[in-house]
Amino acid sequence: MDGTTEVVALVGVGILLTALYLQSESFVDPLIRAIALQSLLLAGLLGWLAWTEQSVDLAILAGLAVAVRALFIPYVLRRQIRAFRWRARELHAAHRVTGHALAAVALAIISWFVFQQTLASVFPEPGAALPFVLLVQGLLMLATRSNTIVQVIGYLEEENAVVYAGALFAQAFPLFVEVVVFLDVLGVVLVAVILSIQRDVTGTPEEAALEELSG
Amino acid sequence: MIAADPPFLLFLLLASPSAASILALVPDARVSETAARVGSLVSLGAALLLLASAVSGRWGAYLGVDPLSEVFLFMVTGIYSTSVWYSRSYLRAVHRPFLTPQVYYALLSAFAFSMVAVLVVTDLGLMWIGVEATTVASALLIVLERKPASVEAAWRYTLIASAGLTIALFALLILYTATGTLDGFALAANHPAVSLPIEMAVALALVGYGTKVGLFPMHTWLPDAHSEAPSPVSAMFSGVLLPTALYAFLRVYNVLPDPAPALVSNLLLAFGIVTALVAAFLLQRQRSFKRLLAYSSMEVMGLAVIGIAIGGIALYGALVLIVAHAFAKSAAFYCAGNVLRTTGTNRIDQVRNLRETMPRTGVAWVVSAVAVTGAPPFGTFLGELLIVVGALAAGLVWVAGVLVVAILVAFLGVNSQIGRMVFGEPTGGSATPIAGPDSGWGLAYLNLAVALAIGVAALPYLSTGLRAAAVLLGGSLP
Numbered sequence: 001m002d003g004t005t006e007v008v009a010l011v012g013v014g015i016l017l018t019a020l021y022l023q024s025e026s027f028v029d030p031l032i033r034a035i036a037l038q039s040l041l042l043a044g045l046l047g048w049l050a051w052t053e054q055s056v057d058l059a060i061l062a063g064l065a066v067a068v069r070a071l072f073i074p075y076v077l078r079r080q081i082r083a084f085r086w087r088a089r090e091l092h093a094a095h096r097v098t099g100h101a102l103a104a105v106a107l108a109i110i111s112w113f114v115f116q117q118t119l120a121s122v123f124p125e126p127g128a129a130l131p132f133v134l135l136v137q138g139l140l141m142l143a144t145r146s147n148t149i150v151q152v153i154g155y156l157e158e159e160n161a162v163v164y165a166g167a168l169f170a171q172a173f174p175l176f177v178e179v180v181v182f183l184d185v186l187g188v189v190l191v192a193v194i195l196s197i198q199r200d201v202t203g204t205p206e207e208a209a210l211e212e213l214s215g
Numbered sequence: 001m002i003a004a005d006p007p008f009l010l011f012l013l014l015a016s017p018s019a020a021s022i023l024a025l026v027p028d029a030r031v032s033e034t035a036a037r038v039g040s041l042v043s044l045g046a047a048l049l050l051l052a053s054a055v056s057g058r059w060g061a062y063l064g065v066d067p068l069s070e071v072f073l074f075m076v077t078g079i080y081s082t083s084v085w086y087s088r089s090y091l092r093a094v095h096r097p098f099l100t101p102q103v104y105y106a107l108l109s110a111f112a113f114s115m116v117a118v119l120v121v122t123d124l125g126l127m128w129i130g131v132e133a134t135t136v137a138s139a140l141l142i143v144l145e146r147k148p149a150s151v152e153a154a155w156r157y158t159l160i161a162s163a164g165l166t167i168a169l170f171a172l173l174i175l176y177t178a179t180g181t182l183d184g185f186a187l188a189a190n191h192p193a194v195s196l197p198i199e200m201a202v203a204l205a206l207v208g209y210g211t212k213v214g215l216f217p218m219h220t221w222l223p224d225a226h227s228e229a230p231s232p233v234s235a236m237f238s239g240v241l242l243p244t245a246l247y248a249f250l251r252v253y254n255v256l257p258d259p260a261p262a263l264v265s266n267l268l269l270a271f272g273i274v275t276a277l278v279a280a281f282l283l284q285r286q287r288s289f290k291r292l293l294a295y296s297s298m299e300v301m302g303l304a305v306i307g308i309a310i311g312g313i314a315l316y317g318a319l320v321l322i323v324a325h326a327f328a329k330s331a332a333f334y335c336a337g338n339v340l341r342t343t344g345t346n347r348i349d350q351v352r353n354l355r356e357t358m359p360r361t362g363v364a365w366v367v368s369a370v371a372v373t374g375a376p377p378f379g380t381f382l383g384e385l386l387i388v389v390g391a392l393a394a395g396l397v398w399v400a401g402v403l404v405v406a407i408l409v410a411f412l413g414v415n416s417q418i419g420r421m422v423f424g425e426p427t428g429g430s431a432t433p434i435a436g437p438d439s440g441w442g443l444a445y446l447n448l449a450v451a452l453a454i455g456v457a458a459l460p461y462l463s464t465g466l467r468a469a470a471v472l473l474g475g476s477l478p
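Protein chains in written order, with the numbering used here: chain A, 1 to 215; chain B, 1 to 478.
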């Protein structure tokens with residue numbers, strides 16, 4: 001096993017563990033720290049690949065991953081918790097932790113299996129299914145959580161899956177495209193945060209207010 | 001054909017909405033409105049010249065146009081222009097708006113810019129960025145009226161659309177790894193050999209972009225966002241945002257040779273059929289007239305996807321339907337905006353007798369309802385007819401049957417509800433209170449005229465462009 005294979009395997013295990021942890025934690029602050037750690041692991045992988053392949057493009061992406069995903073976005077999200085303290089815990093999720101964790105493990109196994117059946121011929125590397133597994137984990141989080149910050153974290157996990165896949169398989173993905181994708185994600189998160197603030201200002205929509213969203 | 005300088009026109013198409021977006025931020029509201037109006041008209045002029053010149057080609061590494069993008073550019077800039085001009089009367093009626101007029105016009109132009117960008121790039125990665133940017137630019141526009149329901153709708157839109165688009169980005173990554181390029185024009189000219197990963201990439205792109213197109217079951221953001229957004233923005237959502245997302249998918253789909261592998265075309269057909277049927281039946285139980293229009297758009301997107309899946313003459317029908325629907329549906333949303341701001345309600349059962357209280361809007365409202373549901377002689381009728389004929393020609397009799405059912409159910413649902421609003425007698429003997437003059441109807445009539453002209457082939461350059469676009473995608477002509 002060469003150095004790169006070992007690093008890829010180690011980062012893969014770390015990312016899988018953070019993904020499963022994200023599903024089973026109901027406090028929001030540790031969730032933000034976990035998504036920052038996951039982004040940092042990805043940045044480490046990008047940095048390692050940049051160093052071994054002497055790639056400036058990958059080095060730029062590693063720097064962007066640290067600046068945007070591991071530092072800036074978690075900073076913005078943590079400020080949100082400080083401003084609205086009741087968001088620190090997602091109450092509805094607290095009693096469903098076991099169910100979430102079990103569903104996450106089951107989905108991880110299923111998505112791994114689907115990947116092996118459909119895409120393994122193009123991506124034969126060991127651990128190639130992990131980005132796909134991570135993508136599905138992000139979708140699960142988006143679908144099952146109600147806290148707005150946690151939903152943003154689910155979206156970030158999905159985006160991390162794409163960066164992870166890009167690092168493993170498509171290292172020649174045009175730098176320009178990758179950089180703009182990073183900025184686009186930043187835009188989505190900022191819009192989400194503005195809406196989330198507005199949601200707090202207008203209050204949790206009551207049944208009467210949401211009646212016009214039914215039918 | 002007329003002579004034109006394509007690189008300059010592309011520059012104008014990109015520069016005018018982006019300059020309008022920046023200039024709109026100046027402190028004077030009148031200047032920002034004027035900037036948006038001028039920017040929209042310049043972009044429409046450039047799109048018209050490009051359509052009339054009928055040039056195809058690429059300029060630089062990432063820019064290029066062909067008949068398909070030219071037709072869509074005309075549609076996007078056309079609806080952008082009318083929505084900008086319609087906005088003044090609508091904004092006046094909004095109390096305590098979440099956005100200042102400057103920010104509103106800046107975001108509206110940025111929204112248009114992102115759609116134009118999708119249509120003039122050749123790289124599928126940049127196209128994805130453009131589609132994602134439409135979410136960033138448009139999400140805050142939904143909150144203009146500062147209601148809890150509109151914040152909730154914007155939130156759902158942002159999260160669901162972005163999550164879906166991440167799947168589309170994953171699809172592009174698989175495609176890139178399998179083919180070594182994301183150049184959509186090059187991949188369409190030299191189709192890569194069909195393999196399971198490429199089919200998987202197209203299928204994932206269908207799910208990803210399908211979220212933004214409003215395909216069932218990823219459509220849940222659509223009725224909320226369309227009904228809660230201000231009417232000029234709803235017009236852009238229904239008329240051009242959904243087709244722009246479909247365009248991005250079409251570029252990925254076009255990577256496959258013609259005819260497409262059965263796995264993908266059957267998946268596309270299934271999504272289209274379920275979407276059209278679900279939307280047609282769901283719109284029967286709507287209480288808000290804007291949600292009624294939103295489900296109608298979803299039904300039309302389902303029909304268009306069916307046409308694309310069948311190919312041949314049905315593909316041409318799908319393109320005609322998309323363009324005619326854009327103009328008819330935007331007219332319907334302008335009428336909905338007039339009714340909403342003068343009656344103060346979006347409830348169907350609370351609005352009656354518009355033929356007397358708002359006669360000009362009332363007539364346009366009925367005509368646009370008829371137009372969006374595919375009545376002759378509008379372009380929507382021609383499009384739907386060609387899709388049904390295409391299904392029969394392909395031997396898919398049961399699909400033709402399903403199409404007819406969806407079209408009829410949607411026709412009856414939309415027209416009976418809107419008919420009651422216009423011709424129905426007020427319950428309890430009192431007419432719906434009207435809080436302002438019957439204005440803002442001119443743009444609705446203008447767009448209805450375009451939808452009508454498409455149906456009778458009275459727009460020569462557009463007709464030529466639509467036919468060339470269909471041939472480009474592997475379709476056939478009547």
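Quick reminder that beta carbons are idealized off the backbone N, C-alpha and C, glycines included. All values reported here derive from a predicted model rather than from experimental measurement.
By a beta-carbon distance limit of 8 Å, Val131(B) contacts Thr244(B). Their separation comes to about 7 Å. In the three-state scheme derived from DSSP, where H, G and I count as helix and E and B as strand, Val399(B) is classed as helix. Annotation for Leu63(B): the continuous beta strand (DSSP E) segment containing it runs Leu63 to Val65. At a cut-off of 7 Å, the C-beta of Thr134(B) has no neighbouring C-beta in chain A.
Minimum Cα-Cα distance from Val300(B) among the listed residues Gly214(B), Phe98(B) and Ala394(B) corresponds to Gly214(B).
The C-alpha of Gly307(B) is placed about 12 Å away from the C-alpha of Leu392(B). Using a Cβ distance threshold of 7 Å, Ile149(A) and Leu77(A) count as a contacting pair. Taking 3 residues as the shortest admissible run, the stretch 82-157 of chain B contains no complete beta strand (DSSP E) segment at all. For Trp59(B), no CB of chain A lies under 7 Å from its own CB, so it is not counted at the interface with that chain. Beta-bridge analysis with DSSP links Trp59(B) to Leu63(B).
A distance below 7 Å separates the beta carbons of Leu142(A) and Gly154(A). Listed along chain B, the residues sitting closer than 8 Å to Leu195(A) by beta-carbon distance are Ala139, Leu140, Val143, Val151, Ala154, Trp155 and Thr158. In the displayed model, Gly312(B) falls within a strand according to three-state DSSP. For Gly166(A), the C-beta contacts it makes with chain B under 8 Å involve Leu173, in order along the chain. Ser114(B) and Ala137(B) do touch by the CB rule: their CB atoms are close to 5 Å apart, below 8 Å.
By the 16-neighbour rule on beta-carbons within 10 angstroms, Trp51(A) is exposed.
Of the other Cβ atoms in all chains shown, fewer than 16 fall within 10 Å of the Cβ of Phe113(A); this residue is therefore exposed. Rounded to whole angstroms, the gap between the alpha carbons of Ile32(A) and Pro74(A) is 6 Å. Asn147(A) counts as buried, since no fewer than 16 other beta carbons sit within 10 angstroms of its beta carbon.
Residue-level contact by beta carbon fails for Phe113(A) and chain B, as no gap is shorter than 7 Å. Around the beta carbon of Ile109(A), fewer than 16 other beta carbons sit within 10 angstroms, so the residue counts as exposed.
When Cβ-Cβ separations below 7 Å define contact, Ala108(A) makes no contact with chain B. Not a single CB atom of chain A sits nearer than 7 Å to the CB of Phe381(B).
Contact annotation for Met115(B) against chain A: no contact, minimum CB-CB distance about 15 Å [criterion: below 7 Å].
Of the other Cβ atoms in all chains shown, fewer than 16 fall within 10 Å of the Cβ of Leu408(B); this residue is therefore exposed. Phe281(B) has a beta carbon lying at 7 Å or more from every beta carbon in chain A. Not a single CB atom of chain A sits nearer than 7 Å to the CB of Ala336(B).
Annotation: Ala106(B) to Leu165(B) spans about 24 Å, alpha carbon to alpha carbon. Fewer than three beta-carbon pairs drawn from the stretch 239-253 of chain B and the stretch 380-389 of chain B are found closer than 8 Å, and the two stretches are therefore not classed as touching. Ser288(B) places its beta carbon 7 Å or farther from that of Ala332(B). Relative to Leu12(B), the option among Ala262(B), Met218(B) and Ser40(B) whose CA is nearest is Ser40(B).
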